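K.L.:
Protein sequences appear in the order of chains A and B. For the first sequence, position 90 matches number 90 in our numbering, and the numbering has no gaps at all. In our numbering, each residue carries its 1-based index in the second sequence increased by 247. What follows is a structure written as structure tokens; I'll ask about it next.
There are 2 protein chains.
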Amino acid sequence: MGAMTNKKSGDPVPIYLKLQTKLMLEIESGRLEPGDRIPPENRLADHHGVSIGTVKKAILNLANEGYLYRVQGKGTFVAGTTLRRESLRYYRFLKDFNNPEANLNIEFLGLKKTKGIEHVNRCLKIRHNQALYEIKRLFLFNKKPLIYSLSYLPQKLFVKLDDFSPKQFERVPIYLFLEEKYGLPTIYNQELISSVPAAHEITQLLKVPERSPILFIEMIAFTYKKRPYEYRQSYCITGNNKILREY
Amino acid sequence: MGAMTNKKSGDPVPIYLKLQTKLMLEIESGRLEPGDRIPPENRLADHHGVSIGTVKKAILNLANEGYLYRVQGKGTFVAGTTLRRESLRYYRFLKDFNNPEANLNIEFLGLKKTKGIEHVNRCLKIRHNQALYEIKRLFLFNKKPLIYSLSYLPQKLFVKLDDFSPKQFERVPIYLFLEEKYGLPTIYNQELISSVPAAHEITQLLKVPERSPILFIEMIAFTYKKRPYEYRQSYCITGNNKILREY
DNA sequence: GCTCATTTGTTCGTATGTATC
DNA sequence: TGATACATACGAACAAATGAG
Chain A
1 MGAMTNKKSG
11 DPVPIYLKLQ
21 TKLMLEIESG
31 RLEPGDRIPP
41 ENRLADHHGV
51 SIGTVKKAIL
61 NLANEGYLYR
71 VQGKGTFVAG
81 TTLRRESLRY
91 YRFLKDFNNP
101 EANLNIEFLG
111 LKKTKGIEHV
121 NRCLKIRHNQ
131 ALYEIKRLFL
141 FNKKPLIYSL
151 SYLPQKLFVK
161 LDDFSPKQFE
171 RVPIYLFLEE
181 KYGLPTIYNQ
191 ELISSVPAAH
201 EITQLLKVPE
211 RSPILFIEMI
221 AFTYKKRPYE
231 YRQSYCITGN
241 NKILREY
Chain B
248 MGAMTNKKSG
258 DPVPIYLKLQ
268 TKLMLEIESG
278 RLEPGDRIPP
288 ENRLADHHGV
298 SIGTVKKAIL
308 NLANEGYLYR
318 VQGKGTFVAG
328 TTLRRESLRY
338 YRFLKDFNNP
348 EANLNIEFLG
358 LKKTKGIEHV
368 NRCLKIRHNQ
378 ALYEIKRLFL
388 FNKKPLIYSL
398 SYLPQKLFVK
408 LDDFSPKQFE
418 RVPIYLFLEE
428 KYGLPTIYNQ
438 ELISSVPAAH
448 EITQLLKVPE
458 RSPILFIEMI
468 AFTYKKRPYE
478 YRQSYCITGN
488 NKILREY
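Now the structure itself:
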């Protein structure tokens, strides 16, 4: 089929780039969904009438940009949150490198509309007067509150977010929910991590003594085209448990 | 010259990666300065006794990471610091998502041999009685001590590590040094993050009041075949600055 | 403006190694 | 163990940009 045209015709667009664009469009349009496996290299090569090296180049570029990820012996998959890398599930709490993980529950505290917040809007790269949604949640590990989290999302991007039932926000991680309902996969995140003494509001919510050391994490989640879509602040107690990160 | 050894010897490190590392070291160490032109592909291929495709791969990777830039017809050049992206393996300190990064210096505090430590050896997946090296360092950002770090490496894996001059440990990031001297590239890391009150020893080293909130990070670095090779504890002050992580 | 040597960019194809199931 | 799929390595040929003469 559609044999990629070659150079002779004065075509300045390289073959690998055409293939790359074609694949990216299939992803962006939703015909290929996160987790889907794309055809193997040799099949793509045959199908498009190009060499395997050219296919490799297109796929590797997309993998570098975060659209795809590859596993030797298994295949090439569409990135997105769910399967992208099991290691990137947001927070994993455990006592020790060799211990099993603690159990997670989410308690939904509220969702409301707010006006733009200067610091938040700048992080989200939107104008200062654009309105936001504010989501408050408590993460319980083994029934004990360990994280208080405050999320901000642009109202413009997530229309009618407040129509969903609160239960939806407790069932699954928020990024999965947003991906499903609004088709925005998470491509990468930025975090700022610091250690701070617990402020008064936090001591109440997390039930810790005033000025206990708290892990404070600010996060920006990005989707395609490096577009930020969520700004989040998390306050974590880390007495016995610690946060595991792999990269 | 220095013909890169090939696979037959059970060597798990790909040739292109060795070349890539070698070039990166020349850049990081300052032997190659921003703007310098590196030898053309065919010369590098001859010089190292590898194919031109392999050289291409090494160079393209470094170009993608921002270490080099290429101009068709002219050559390949060392990029200025602006372009460089060390998103992983490295701590980046800044005050805010929108602020520039602080300046880093490393102060080497000491390297000595120690007996095995149960917790450490378990993390490194070596027997309890295997001896270790212990490296103590202080990271200064804008001249102020911000991180105290304690590294453990198996003596068996890093023979004669204590023969190197202390200066070597201050010049380049430790993982680059180990990669060059022992041919162990870092494939991925695990971290445990928590927030703790400063213990007595730490208050002295980092010059903070007793029980200030400290970011405590335990890290295990893995090389090929998921083999752990370094266990590290870092104690970070995060008053004004925060740690940036991208993933 | 033209030619030529140099250097990178693209494309091809083949062979073998290695991870996964 | 075998089939599948990605990873590495080799090498060849030609296109396109650059800069010098």
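We treat Cβ as the ideally placed atom computed from N, Cα and C, and that holds for glycine. The structure displayed is predicted, hence computed values, not measured ones.
Of all the options B:V260, B:G430 and B:F416, which has the alpha carbon lying nearest to the alpha carbon of E354 of chain B?
P.N.:
Comparing Cα positions, the closest option is B:F416.
K.L.:
Would you say Q130 of chain A and G110 of chain A are within 8 Å of each other, going by their C-beta atoms?
P.N.:
No. Outside cutoff.
K.L.:
Between B:I467, B:I382 and B:G320, which has its C-alpha nearest C370 of chain B's C-alpha?
P.N.:
Among B:I467, B:I382 and B:G320, the Cα nearest to that of C370 of chain B belongs to B:I467.
K.L.:
Need the endpoints of the alpha helix (DSSP H) that R137 of chain A sits in, please.
P.N.:
Looking at the DSSP string, R137 of chain A is not in any alpha helix (DSSP H); the run it does join, the beta strand (DSSP E), is L132 to F141.
K.L.:
At least one CB of chain B closer than 8 Å to the CB of S151 of chain A: is that the case?
P.N.:
No - not a single Cβ of chain B is within 8 Å of the one on S151 of chain A.
K.L.:
Which residues does DSSP pair with P228 of chain A in a beta bridge?
P.N.:
Note: P228 of chain A sits in a beta bridge opposite A:F222.
K.L.:
Beta-carbon within less than 6 Å of P286 of chain B's beta-carbon, same chain only, minus the 5 sequence neighbours each way: which residues are those?
P.N.:
There are no such residues.
K.L.:
For T114 of chain A, which residues of its own chain have a beta-carbon under 6 Å away from its beta-carbon, when the five flanking residues on both sides are left out?
P.N.:
L132 and E134.
K.L.:
For L192 of chain A, does the count of other Cβ atoms within 10 angstroms reach 16, so buried, or fall short, so exposed?
P.N.:
Counting Cβ neighbours within 10 Å, L192 of chain A comes out buried, since at least 16 surround it.
K.L.:
Quick one, which of A:E118, A:I147 and A:K136 has its alpha-carbon nearest V208 of chain A's?
P.N.:
Ranking the options by Cα distance to V208 of chain A, first place goes to A:I147.
K.L.:
Give the DSSP-derived three-state secondary structure of R89 of chain A in the structure shown.
P.N.:
Unreliable positioning characterises R89 of chain A in this predicted model, as indicated by a pLDDT of 44, which lies under 50. A coordinate reading is not provided.
K.L.:
How about S396 of chain B and F405 of chain B: do their beta carbons lie closer than 8 Å?
P.N.:
Not in contact: S396 of chain B and F405 of chain B (Cβ atoms no closer than 8 Å).
K.L.:
For chain B, find out if any of its Cβ atoms is closer than 8 Å to the Cβ of T238 of chain A; answer yes or no.
P.N.:
Judged by the 8 Å Cβ criterion, T238 of chain A is in contact with chain B.
K.L.:
Is T114 of chain A helix, strand or coil by DSSP?
P.N.:
Reduced to three states, the DSSP call for T114 of chain A is strand.
K.L.:
Give the straight-line distance between the Cα atoms of Q72 of chain A and P413 of chain B, rounded to the nearest whole angstrom.
P.N.:
Straight-line Cα distance between these residues: approximately 40 Å.
K.L.:
Could you tell me if S441 of chain B is buried or exposed, where buried requires 16 or more neighbouring beta carbons within 10 angstroms of its beta carbon?
P.N.:
It counts as buried.
K.L.:
Would you say S481 of chain B lies against chain A (beta-carbon separation less than 8 Å)?
P.N.:
No, because no Cβ of chain A sits closer than 8 Å to the Cβ of S481 of chain B.
K.L.:
Please check the pair Y248 of chain A and F216 of chain A, which I expect to be a contact at CB under 8 Å, by giving their CB distance rounded to whole angstroms.
P.N.:
The requested residue 248 of chain A does not occur in the structure, where chain A is confined to residues 1 to 247.
K.L.:
Quick one: is P12 of chain A buried, meaning 16 or more other Cβ sit within 10 Å of its Cβ, or exposed?
P.N.:
Flag for P12 of chain A reads exposed.
K.L.:
Whole angstroms are fine: how far does the CA of Q155 of chain A sit from the CA of D162 of chain A?
P.N.:
Their backbone Cα atoms lie some 10 Å apart in a straight line.
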